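A.B. asks: The structure is given below, and queries will be raised subsequently.
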Amino acid sequence: MSMGIGMSRFAEFAKRMGEVKPSATFKYDAAAKKPGVINLTIGRPGFDTPEVIKNAAKRALDEGKVHYTPSKGIPELREAIAAKLERENHIGGIDPDNIVVSGGAKQIIYCIIMALADRGDVVAIQNPTWVSYEAQIRLANADVDWLSLKPEEGFIPGDSFMQDLEETRAKLLILNSPGNPTGAVFPERRIKEIMDVCSRRGITVISDEVYEKLIYDGRHYSPARDYENVITVNAFSKAYSMTGWRIGYCACTNREVMEKVDIIHQQSLSCCTSFAQYGALAAFTEEAEEATRRMREELRVRRDYVMKRMGEFELEVICKKPGGAFYIFPYFRNMDDYELADRWLRKGVAVIPGSAFGSQGAGCIRLSYGSADMRALSEAFDRIME
Ligand code: GLU
Numbered sequence: 005m006s007m008g009i010g011m012s013r014f015a016e017f018a019k020r021m022g023e024v025k026p027s028a029t030f031k032y033d034a035a036a037k038k039p040g041v042i043n044l045t046i047g048r049p050g051f052d053t054p055e056v057i058k059n060a061a062k063r064a065l066d067e068g069k070v071h072y073t074p075s076k077g078i079p080e081l082r083e084a085i086a087a088k089l090e091r092e093n094h095i096g097g098i099d100p101d102n103i104v105v106s107g108g109a110k111q112i113i114y115c116i117i118m119a120l121a122d123r124g125d126v127v128a129i130q131n132p133t134w135v136s137y138e139a140q141i142r143l144a145n146a147d148v149d150w151l152s153l154k155p156e157e158g159f160i161p162g163d164s165f166m167q168d169l170e171e172t173r174a175k176l177l178i179l180n181s182p183g184n185p186t187g188a189v190f191p192e193r194r195i196k197e198i199m200d201v202c203s204r205r206g207i208t209v210i211s212d213e214v215y216e217k218l219i220y221d222g223r224h225y226s227p228a229r230d231y232e233n234v235i236t237v238n239a240f241s242k243a244y245s246m247t248g249w250r251i252g253y254c255a256c257t258n259r260e261v262m263e264k265v266d267i268i269h270q271q272s273l274s275c276c277t278s279f280a281q282y283g284a285l286a287a288f289t290e291e292a293e294e295a296t297r298r299m300r301e302e303l304r305v306r307r308d309y310v311m312k313r314m315g316e317f318e319l320e321v322i323c324k325k326p327g328g329a330f331y332i333f334p335y336f337r338n339m340d341d342y343e344l345a346d347r348w349l350r351k352g353v354a355v356i357p358g359s360a361f362g363s364q365g366a367g368c369i370r371l372s373y374g375s376a377d378m379r380a381l382s383e384a385f386d387r388i389m390e
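Take a look at the structure:
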């Protein structure tokens, strides 16, 4: 090959690339995929998707349902979602046209942020919180405001969180209960107090409820039940073990907001995968619910086991029993979480350092028990304790 061929220069990266890092959950998951390593990094249920859902998707493929769907999603799925929101979440009056189905909760939240947040706007998020909220806010050139959660309060919003909320300039707040990375289930009373402040201060709330069906103690409360300034986000990923299907949705009583969200969704994805939508429709069956109940019971057993083993540490640890999701997020006093995660990795157990989830995660470790069975968890703790 003569000099110069194939050596043309690539365009410079967009400035926004200086603002975002790779997803820590995916980064640590990829690094954990080594023989012999027990992977407690990425947050996913390791169960199979219920048969009834898989069969519905297969049938859709066989019936040739392989084309674009309406951008907001097939009408029968949006009708089923509206009925579910009314039945389970007591959110009445959602017109199916006020629902947008997209490629997972992640994609939906991105569309909402792109539709509502501008350069100079502030979006408030919990600290610690799931890794992608911050990245998505920065991709919109907006600023992040962090509202502190504390290990000694079980990462349930306390006085300092409420104080931060009173003082924020945010126009949007992302609320996540049960929470990632903490598993904390916020009590209804506290969510209402948060919502009262947001209503008074004109803050719109994005309520990410993807872990609502994985609650072991306490009850889920959807703020859209009583408040209008809420966009409810949910997905099939965690509730029905469908993380690879990439299907989630949002709903809100404000048609104009949903139309704008749909524009971003149309212009970036067109519509969610057709046969995944037909599969998701079968999630609203008794068979699928029964599979979710079984999964929740198994996860509860794992959570209780993990909490029991946490008691064996000689280090000073704060780890309140989380009420939901499939994470524990212990705080190790005077420890560097990156060093601790490295040390455990050398022993063959992969976890995510808490700092990846915000400054309040410093000294913490996120351990996901969603995809590790009891044998793997027992072996993981034996290795860590060695
Ligand atoms: N939400 C999961 C986690 O925190 C899945 C990975 C991701 O999308 O970040 O691990």
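Following the working numbering from start to finish, the sequence shown increments by one per residue and tops out at 390.
Built from N, CA and C at the ideal position, the CB exists for glycine as well.
Owing to the predicted nature of the structure, the values given are computational and were not obtained by experimental measurement.
1. Just verifying my parser: in three-state terms, what is the DSSP assignment at N43?
2. Give the residues whose C-beta lies closer than 7 angstroms to at least one heavy atom of the ligand GLU, in chain order.
3. Just the Cα atoms here: how many angstroms apart are L153 and L344?
4. Kindly indicate the opening and closing residues of the alpha helix (DSSP H) around Q364.
5. May I have the straight-line CA-CA distance separating G50 from N184, to the nearest angstrom?
6. According to DSSP, is W249 part of a helix, a strand, or is it coil?
7. Just to confirm before moving on: does the CB-CB distance between D296 and K217 stay below 8 angstroms?
8. Cα separation between S382 and R20?
9. Do T45 and V355 count as a contact pair if the criterion is CB distance below 8 angstroms?
10. By the 10 Å Cβ neighbour count, where 16 or more other Cβ atoms means buried, how is H71 classified, buried or exposed?
11. Secondary structure at W150, three-state DSSP: helix, strand or coil?
12. Would you identify the three-state DSSP class for S274, choosing helix, strand or coil?
13. What do you reckon, are the CB atoms on R313 and M378 nearer than 8 angstroms?
14. What are the boundary residues of the beta strand (DSSP E) that L176 is part of?
15. For the beta strand (DSSP E) containing D212, list its first residue and its last residue.
16. Please state if the CB of V353 and the CB of I42 are separated by a distance shorter than 8 angstroms.
17. Within 10 angstroms of the Cβ of Y342, are there 16 or more other Cβ atoms? Answer buried if so, exposed if not.
18. Per the DSSP calculation, L319 is bridged to which residue(s)?
19. Opposite R370 in the DSSP bridges: which residues?
20. Looking at the unbroken beta strand (DSSP E) that takes in A228, where does it start and where does it end?
21. Taking just the CA atoms, how far does T247 sit from S106?
22. Would N238 and E263 be called neighbours here (beta carbons separated by less than 8 angstroms)?
23. Taking the alpha-carbon positions, what's the Y373 to C254 distance?
24. Could you give the residue range of the alpha helix (DSSP H) that holds N93?
25. Return the chain-ordered list of same chain residues with a C-beta closer than 8 angstroms to the C-beta of S274, the five sequence neighbours on each side being excluded.
26. Which residues in the same chain have their Cβ closer than 7 angstroms to the Cβ of I141, if we skip the five residues on either side of it in sequence?
27. List the whole-angstrom C-beta distance separating E90 from L285, where the pair is believed to meet the contact cut-off of C-beta under 8 angstroms.
28. Measure the beta-carbon distance from S375 to R48 and round it to whole angstroms, keeping in mind my assumption that it falls under 8 angstroms.
29. If you compare alpha carbons, which of S181, L177, L143 is closest to G158?
30. Alpha carbon to alpha carbon, how far is V265 from E23? Give it in angstroms, no decimals.
31. Using the rule of at least 16 other Cβ atoms within 10 Å of the residue's Cβ for burial, across every protein chain shown, is F333 buried or exposed?
32. With 16 as the cutoff for other CB atoms within 10 Å, does E260 come out buried or exposed?
C.D. replies: Looking at the atomic coordinates:
1. Position 39 of the sequence shown, counted from the first residue, corresponds to residue 43. Correct three-state label for N43: strand.
2. S27, T29, F30, I46, G47, R48, K110, W134, V135, S136, N184, P185, T247, S372
3. What you label residue 153 is simply residue 149 of the sequence shown in a count that begins at 1. What you label residue 344 is simply residue 340 of the sequence shown in a count that begins at 1. About 21 angstroms.
4. Taking the first residue of the sequence shown as position 1, residue 364 is located at position 360. From DSSP, Q364 is part of no alpha helix (DSSP H); its letter is neither H nor E.
5. Within the sequence shown, residue 50 is the residue found at index 46, counting from 1. Within the sequence shown, residue 184 is the residue found at index 180, counting from 1. If you draw a straight line from the Cα of G50 to the Cα of N184, it comes to about 17 angstroms.
6. As a first step, residue 249 must be located in the sequence shown, where it is residue number 245. Three-state result, W249: helix.
7. Within the sequence shown, residue 296 is the residue found at index 292, counting from 1. Within the sequence shown, residue 217 is the residue found at index 213, counting from 1. Sequence check: residue 296 is Thr here, not Asp. Their beta carbons are under 8 angstroms apart, which means T296 touches K217 by this criterion.
8. Counted from its first residue, the sequence shown places residue 382 at position 378. Counted from its first residue, the sequence shown places residue 20 at position 16. Within the model, the alpha-carbon separation for S382 versus R20 is close to 43 angstroms.
9. By one-based count along the sequence shown, residue 355 stands at place 351. By one-based count along the sequence shown, residue 45 stands at place 41. Yes; because the gap between Cβ atoms is below 8 angstroms, this pair is in contact.
10. Numbered from its first residue, the sequence shown carries residue 71 at position 67. Flag for H71 reads exposed.
11. Indexing the sequence shown from 1 puts residue 150 at position 146. Three-state DSSP puts W150 in a strand.
12. As a first step, residue 274 is located in the sequence shown; it is residue number 270 there, counting from the start. Correct three-state label for S274: coil.
13. Here residue 313 refers to the residue found at position 309 when the sequence shown is read from its first residue. Here residue 378 refers to the residue found at position 374 when the sequence shown is read from its first residue. It is not a contact, given that the beta carbons lie outside the stated cut-off.
14. Position 172 of the sequence shown, counting from 1, holds the residue named residue 176. It spans 176-180 - the beta strand (DSSP E) in which L176 sits, taken as one unbroken run.
15. Residue numbering aside, residue 212 sits at position 208 when the sequence shown is read from its first letter. Following the DSSP letters along the chain, one finds D212 inside the beta strand (DSSP E) bounded by residues 208-212.
16. The residue given as residue 42 occupies position 38 in the sequence shown. The residue given as residue 353 occupies position 349 in the sequence shown. A contact, by the Cβ cut-off of 8 angstroms.
17. The count along the sequence shown starts at 1 and reaches residue 342 at position 338. With fewer than 16 other Cβ atoms within 10 Å, it is exposed.
18. Within the sequence shown, residue 319 is the residue found at index 315, counting from 1. According to DSSP, L319 bridges with nothing at all.
19. To locate residue 370, count along the sequence shown from 1; it is residue 366. Its beta-bridge partners are I356.
20. As a position in the sequence shown, residue 228 is number 224, starting the count at 1. It is not in any beta strand (DSSP E) - A228 carries neither H nor E in the DSSP assignment.
21. Translated into the one-based positions of the sequence shown, residue 106 becomes position 102. Translated into the one-based positions of the sequence shown, residue 247 becomes position 243. Rounded to the nearest angstrom, the two C-alpha atoms are 13 angstroms apart.
22. If you number the sequence shown from 1, residue 238 lands on position 234. If you number the sequence shown from 1, residue 263 lands on position 259. No, Cβ-Cβ distance for N238 and E263 is not below 8 angstroms.
23. If you number the sequence shown from 1, residue 373 lands on position 369. If you number the sequence shown from 1, residue 254 lands on position 250. Looking at the two C-alpha atoms, the distance is approximately 27 angstroms.
24. Taking the sequence shown and counting its residues from 1, the one referred to as residue 93 is at position 89. Counting along the chain, the alpha helix (DSSP H) containing N93 begins and ends at 79-93.
25. Numbered from its first residue, the sequence shown carries residue 274 at position 270. Only Y72, S75 meet the Cβ criterion.
26. As a position in the sequence shown, residue 141 is number 137, starting the count at 1. Answer for I141: I117, A121, V127, V148, listed in chain order.
27. Here the question's residue 90 lines up with position 86 in the sequence shown. Here the question's residue 285 lines up with position 281 in the sequence shown. No, E90 and L285 are not in contact; Cβ-Cβ is about 17 angstroms, not under 8 angstroms.
28. Along the sequence shown, one-based indexing puts residue 375 at 371. Along the sequence shown, one-based indexing puts residue 48 at 44. About 5 angstroms; that satisfies the 8 angstroms criterion.
29. Counted from its first residue, the sequence shown places residue 158 at position 154. Selected option, being the one with the closest Cα: S181.
30. Position 19 of the sequence shown, counted from the first residue, corresponds to residue 23. Position 261 of the sequence shown, counted from the first residue, corresponds to residue 265. The straight-line gap from Cα to Cα measures roughly 23 angstroms.
31. For the purposes of this step, residue 333 is taken as the residue at position 329 of the sequence shown. It counts as buried.
32. Along the sequence shown, read from residue 1 onward, the residue named residue 260 stands at position 256. Burial call: exposed.
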